[in-house]
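A short write-up of the structure that comes next.
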Amino acid sequence: MNAELEQQIRDVLREHARLPVDPDRIGRDADLYRAGMTSHASVNVMLALEDRFDVEFPEAMLKRSAFESIASIATAVGSLLREAA
Amino acid sequence: MSAPAASGRLSGAIAAAELLEEVRRVAREVAAAHADEVDRRARFPVEAIDALRGCGALSMAVPAELGGAGAPLAEVARAGFELARCCAATGMVFAMHQIQVATIVRHLSLAPAWFRGYLRELATEQRLIASITSEIGTGGDMGSSIAALTPAAGGMLTLEKRAPTVSYGAYADDFLTTARRSPEAERGDQVLVLHRAAETTLEPLGEWDTLGMRGTCSPGFAVRARFRAEQVLAEAVPTILTESLVPLSHILWSWVWLGIATDAFERGRRFVRESARRNGGEPTHVASALSRVMAELSLMRGEVSCALEDYLRWSGEPERLSTLGAVLRFNNLKLAASEQVQRICGGVLQAIGIAAYRNDTPFSVARHVRDALSARVMVANDRIHATDAGLLLLAKEV
Chain A
1 MNAELEQQIR
11 DVLREHARLP
21 VDPDRIGRDA
31 DLYRAGMTSH
41 ASVNVMLALE
51 DRFDVEFPEA
61 MLKRSAFESI
71 ASIATAVGSL
81 LREAA
Chain B
86 MSAPAASGRL
96 SGAIAAAELL
106 EEVRRVAREV
116 AAAHADEVDR
126 RARFPVEAID
136 ALRGCGALSM
146 AVPAELGGAG
156 APLAEVARAG
166 FELARCCAAT
176 GMVFAMHQIQ
186 VATIVRHLSL
196 APAWFRGYLR
206 ELATEQRLIA
216 SITSEIGTGG
226 DMGSSIAALT
236 PAAGGMLTLE
246 KRAPTVSYGA
256 YADDFLTTAR
266 RSPEAERGDQ
276 VLVLHRAAET
286 TLEPLGEWDT
296 LGMRGTCSPG
306 FAVRARFRAE
316 QVLAEAVPTI
326 LTESLVPLSH
336 ILWSWVWLGI
346 ATDAFERGRR
356 FVRESARRNG
366 GEPTHVASAL
376 SRVMAELSLM
386 RGEVSCALED
396 YLRWSGEPER
406 LSTLGAVLRF
416 NNLKLAASEQ
426 VQRICGGVLQ
436 AIGIAAYRND
446 TPFSVARHVR
456 DALSARVMVA
466 NDRIHATDAG
476 LLLLAKEV
């Protein structure tokens, strides 16, 4: 489940994060902002994640740190999916 | 001004309230006296800044244990407001310096020990910090840099940056500059570095001859600096931008703009009173036009105060400050205050007419109108609207 979730997140990043490298080559804990994700791109990533997983991020999650790595995105999305289940 | 008393005070922490009173005095006695000439000649308000140094106001926000006054943000904002009521350029230079100081203070716990020594020095020598955050070629995005810290001989670092504006660059003692962490780093992977004027060369890229805020002397410069690694703040720039640099800038600028608007209104009020006196004590139609301006001023004061309170309430929770809702909140302050100051100054001009339009009457608001126009172009409002447009698709609590 976790590996599958992370793969889906990487797919979203590939499409929306406009990173100079392929997301498959980025470690799960690597800092996406340092890898080149701009704050503008991160907004697109957040929107795309909401669409992809059919969730809505609550205000408290809408902060930079929640989207700084594949692992932190997986934690955020994972908790919303569990709540929905 | 009694210089010996002032320098004696610099060693200890003088009560913040007392310092604010001193700043008010500098505003009335020094800044006001030179404001017109500073504006006309587009020259740095050297007398007022020196007088602020004399009373220790440049270290107003430095913690008391490091030799500053440890003044709370509200007092610093108030000081910028008082100065701008008398000379907008002085108020803005003061506010910008305090933004750099407050940013360093906020991120001090993670910073190299060098910064504590630096703040002590700032308090003793009343050093003035300018910022070099904008860069030619980044499309006005503060969160991205082309310039990079580059390792040099002897463990030193260098950077080269072309900045489109550096406010009071030629008059600063030190600079707080954004750059990429290394030559290999992505554009958004930035750090903040503090380098002294002695470690910096500035080559002007043009003149500063503008419509308003002429005394801030903010031409572009080609900047070259060489410094030690310990002069780099450890905290990542994106965190600094959301937690301190952006909200503090919008708050302290807004208080300066409120100062401009307040003085424009005051000039209108004096005009109305004089014309009523000539009119046998009856208010003229000008008074009712000014009453509308008063309501606009009240609205502006409300927003500017409320944003400061929001920041103070959230400043203990970095997580809250980094939410999209908080980003929007302080962007909205900038948009509202910058448009409101223009509306108020223009409103006074319209209410009073020719006496306000002329440069040579006590009721002139010509300088105020021009200074107010700077508010919407320093970080262009259209750019902020574009950012907000993206954020409001996601943010829930705005």
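Sequences listed follow chains A and B, in order. Under the numbering used here, the residues of the first sequence are numbered 1 to 85, in order. Under the numbering used here, the residues of the second sequence are numbered 86 to 483, in order. All C-beta atoms in this analysis are idealised placements derived from N, C-alpha and C, irrespective of residue type, glycine included. In this text, all values refer to a predicted model and were calculated from it rather than measured experimentally.
Does the stretch 366-378 of chain B come within contact of the stretch 315-324 of chain B, defined as at least 3 CB pairs closer than 8 Å?
They do not touch, by the three-pair rule.
Tell me the DSSP secondary structure of VAL331 of chain B in three-state form.
Locating residue 331 of chain B in the second sequence gives position 246, counting from the first residue. In this structure, VAL331 of chain B counts as helix in the three-state DSSP scheme.
Check whether the Cβ atoms of VAL450 of chain B and ARG354 of chain B sit closer than 8 Å, and answer yes or no.
Locating residue 450 of chain B in the second sequence gives position 365, where the first residue counts as 1. Locating residue 354 of chain B in the second sequence gives position 269, where the first residue counts as 1. No, the pair does not count as a contact, with Cβ atoms beyond the cut-off.
If we call anything under 8 Å between Cβ atoms a contact, is VAL278 of chain B one with ARG266 of chain B?
Residue mapping note: residue 278 of chain B aligns to position 193 of the second sequence, counting from 1. Residue mapping note: residue 266 of chain B aligns to position 181 of the second sequence, counting from 1. No.
Determine the chain A residues that contact LEU478 of chain B at a beta-carbon separation under 8 Å, and present them in chain order.
What you label residue 478 of chain B is simply residue 393 of the second sequence in a count that begins at 1. Per Cβ cutoff of 8 Å: VAL43 and LEU47.
Which term fits GLY97 of chain B, buried or exposed, when burial requires 16 or more other beta carbons within 10 angstroms of its beta carbon?
As a working note, residue 97 of chain B is residue 12 in the second sequence. Residue confidence for GLY97 of chain B is low, a pLDDT of 41 falling below 50, so the modelled location carries little weight and cannot support an answer.
Along the stretch 61-81 of chain A, where does the CB come closer than 7 Å to a CB of chain B? Name the residues.
Within the stretch 61-81 of chain A, the qualifying residues are LEU62, LYS63, ARG64 and SER65.
Quick one: grab the DSSP three-state call for HIS470 of chain B.
Within the second sequence, numbered from 1, the residue matching residue 470 of chain B stands at position 385. In this structure, HIS470 of chain B counts as helix in the three-state DSSP scheme.
With DSSP as the reference, label LEU207 of chain B as helix, strand or coil.
Taking the second sequence and counting its residues from 1, the one referred to as residue 207 of chain B is at position 122. Looking at LEU207 of chain B - three-state DSSP - the assignment turns out to be helix.
With DSSP run on the structure shown, which of helix, strand or coil describes PHE312 of chain B?
Along the second sequence, one-based indexing puts residue 312 of chain B at 227. In this structure, PHE312 of chain B counts as strand in the three-state DSSP scheme.
So SER216 of chain B is in the beta strand (DSSP E); what residue range does that whole segment cover?
Taking the second sequence and counting its residues from 1, the one referred to as residue 216 of chain B is at position 131. 214-217 is the extent of the beta strand (DSSP E) around SER216 of chain B.
Classify ALA117 of chain B as helix, strand or coil using the three-state DSSP reduction.
In the second sequence, counting from the first residue as 1, residue 117 of chain B sits at position 32. Helix.
Classify ASN416 of chain B: buried if its beta carbon has 16 or more other beta carbons within 10 angstroms, exposed otherwise.
To locate residue 416 of chain B, count along the second sequence from 1; it is residue 331. Its Cβ being crowded by 16 or more others within 10 Å, ASN416 of chain B is buried.
Let me see if you follow: with CB-CB separation under 8 Å, is HIS16 of chain A close to chain B or not?
Taking the first sequence and counting its residues from 1, one reaches residue 16 of chain A at position 16. Closer than 8 Å: no.
By how many angstroms is the C-alpha of PHE129 of chain B removed from the C-alpha of ALA88 of chain B?
Walking along the second sequence from the start, residue 88 of chain B turns up at place 3. Walking along the second sequence from the start, residue 129 of chain B turns up at place 44. Confidence at ALA88 of chain B is low in this model, with a pLDDT of 40, below 50, so the placement of that residue should be treated as unreliable; the coordinate-derived value is given next. Each residue's Cα considered, the two are about 22 Å apart.
Would you check if there are 3 or more beta carbon pairs closer than 8 Å linking the stretch 439-459 of chain B to the stretch 395-411 of chain B?
With a cut-off of 8 Å, the stretch 395-411 of chain B and the stretch 439-459 of chain B do not count as touching, because too few Cβ pairs lie within range.
For SER329 of chain B and VAL433 of chain B, what's the separation of their Cα atoms in angstroms?
Within the second sequence, residue 329 of chain B is the residue found at index 244, counting from 1. Within the second sequence, residue 433 of chain B is the residue found at index 348, counting from 1. Going from the Cα of SER329 of chain B to the Cα of VAL433 of chain B covers about 34 Å.
Measuring straight from C-alpha to C-alpha, what distance separates ASP121 of chain B and SER252 of chain B?
On the second sequence, residue 121 of chain B is found 36 positions in, with the first residue counted as 1. On the second sequence, residue 252 of chain B is found 167 positions in, with the first residue counted as 1. If you take the alpha carbons of ASP121 of chain B and SER252 of chain B, they lie about 19 Å apart.
Just grab the DSSP bridge partners of GLN275 of chain B for me.
The residue given as residue 275 of chain B occupies position 190 in the second sequence. Note: GLN275 of chain B sits in a beta bridge opposite B:ARG265.
Name, please, each residue of chain A whose Cβ falls closer than 7 Å to the Cβ of PRO368 of chain B.
Translated into positions along the second sequence, residue 368 of chain B becomes position 283. Per Cβ cutoff of 7 Å: no residues; PRO368 of chain B is ~48 Å from chain A at best.
Jot down the residue ranges of each uninterrupted alpha helix (DSSP H) in the stretch 101-179 of chain B, minimum 4 residues, whole runs only, in chain order.
Taking only runs of at least 4 residues, the alpha helix (DSSP H) segments lying wholly in the stretch 101-179 of chain B are 101-111, 117-126, 131-139 and 158-171.
Output, in chain order, the set of chain A residues within a Cβ distance shorter than 9 Å of ASP274 of chain B.
Taking the second sequence and counting its residues from 1, one reaches residue 274 of chain B at position 189. The answer, in chain order, is ASP31, TYR33, ARG34, ALA35 and GLY36.
State the DSSP-derived secondary structure class of THR188 of chain B, mapped to helix, strand or coil.
Counting from 1 along the second sequence, the entry for residue 188 of chain B is found at position 103. Three-state DSSP puts THR188 of chain B in a helix.
Please go through the same chain and pick out, in chain order, the residues whose beta-carbon is closer than 7 Å to the beta-carbon of GLU381 of chain B, but skip the five residues on each side of it.
On the second sequence, position 296 is the one that residue 381 of chain B refers to. For GLU381 of chain B, where only same-chain residues beyond five positions count, the Cβ hits under 7 Å are GLN425, ARG428, ILE429 and GLY432.
Looking at the structure shown, is MET241 of chain B part of a helix, part of a strand, or coil, going by DSSP?
For the purposes of this step, residue 241 of chain B is taken as residue 156 along the second sequence, with counting starting at 1. DSSP places MET241 of chain B in strand when its eight states are reduced to three.
Taking any Cβ of chain A, which residues in the stretch 411-436 of chain B have a Cβ under 8 Å from it, in chain order?
Cβ contacts with chain A: none found.
Give the straight-line distance between the Cα atoms of CYS172 of chain B and ARG386 of chain B, rounded to the nearest whole angstrom.
Here residue 172 of chain B is taken as the residue at index 87 of the second sequence, counted from 1. Here residue 386 of chain B is taken as the residue at index 301 of the second sequence, counted from 1. Going by the C-alpha atoms only, they are around 19 Å apart.
Return the CA-CA distance between ARG94 of chain B and ALA100 of chain B, expressed in angstroms with no decimal places.
Mapped onto the second sequence, residue 94 of chain B falls at position 9. Mapped onto the second sequence, residue 100 of chain B falls at position 15. Caution is warranted here: a pLDDT of 45 is assigned to ARG94 of chain B, below 50, making its placement in the model unreliable, and no coordinate value can be reported.
Would a check of beta-carbon distances place PHE57 of chain A closer than 8 Å to chain B?
One-based indexing of the first sequence puts residue 57 of chain A at position 57. It does; some Cβ of chain B falls within 8 Å.
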